[in-house]
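S.K.:
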Amino acid sequence: MISDCVEVDCLINDVRKDGIFYSMATVSQKIAAAIGVSILGNCMDWIGYNGQKATQTLYTQHGIAVLFIGVTCVCLLISIICMITNPLTKKDIKMF
5 MISDCVEVDC LINDVRKDGI FYSMATVSQK IAAAIGVSIL GNCMDWIGYN
55 GQKATQTLYT QHGIAVLFIG VTCVCLLISI ICMITNPLTK KDIKMF
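Okay, here's the thing in structure tokens:
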């Protein structure tokens with residue numbers, strides 16, 4: 005997909021910027037991963053996770069299930085809604 009963006013940008017601007025596109029994608033992924041891990045760590049603290057314990061409380065186990073199943077399902081649902089409401093058609097592709 006990034007290669008397609010590079011091609012479209014090259015058609016528009018007559019300059020090939022492969023490195024910029026790939027580096028921005030990598031930086032964005034690293035920032036998103038750092039933010040995600042930070043949020044996950046705070047959520048694990050909030051539900052009472054203690055890494056020193058061999059077993060967790062029932063509340064903590066339920067919280068982990070909600071985090072890893074419920075939040076994932078909500079994020080996937082949001083992604084599906086975004087894809088449905090913004091379809092990519094052949095007409096859009098032929099524009100370039």
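Its first residue numbered 5, the sequence shown is counted upward by one per residue in this note's numbering. We treat Cβ as the ideally placed atom computed from N, Cα and C, and that holds for glycine. Values in this document were obtained by computation on a predicted structure and should not be read as measured data.
Quick check on DSSP: helix, strand or coil for THR76?
M.R.: Counting from 1 along the sequence shown, the entry for residue 76 is found at position 72. Note: THR76 maps to helix in three-state DSSP.
S.K.: Helix, strand or coil, according to DSSP, for GLN33 in the structure here?
M.R.: Here residue 33 refers to the residue found at position 29 of the sequence shown. Reduced to three states, the DSSP call for GLN33 is helix.
S.K.: Put GLN65 into one of helix, strand or coil per three-state DSSP.
M.R.: Here the question's residue 65 lines up with position 61 in the sequence shown. Correct three-state label for GLN65: helix.
S.K.: Return the CA-CA distance between ASN46 and LYS94, expressed in angstroms with no decimal places.
M.R.: One-based indexing of the sequence shown puts residue 46 at position 42. One-based indexing of the sequence shown puts residue 94 at position 90. Spanning the two alpha carbons is a distance of roughly 44 Å.
S.K.: Can you round the beta-carbon distance between VAL10 and ARG20 to whole angstroms, since I take them to be within the 8 Å contact cut?
M.R.: Here residue 10 is taken as the residue at index 6 of the sequence shown, counted from 1. Here residue 20 is taken as the residue at index 16 of the sequence shown, counted from 1. Yes, VAL10 and ARG20 are in contact; Cβ-Cβ is about 7 Å, under 8 Å.
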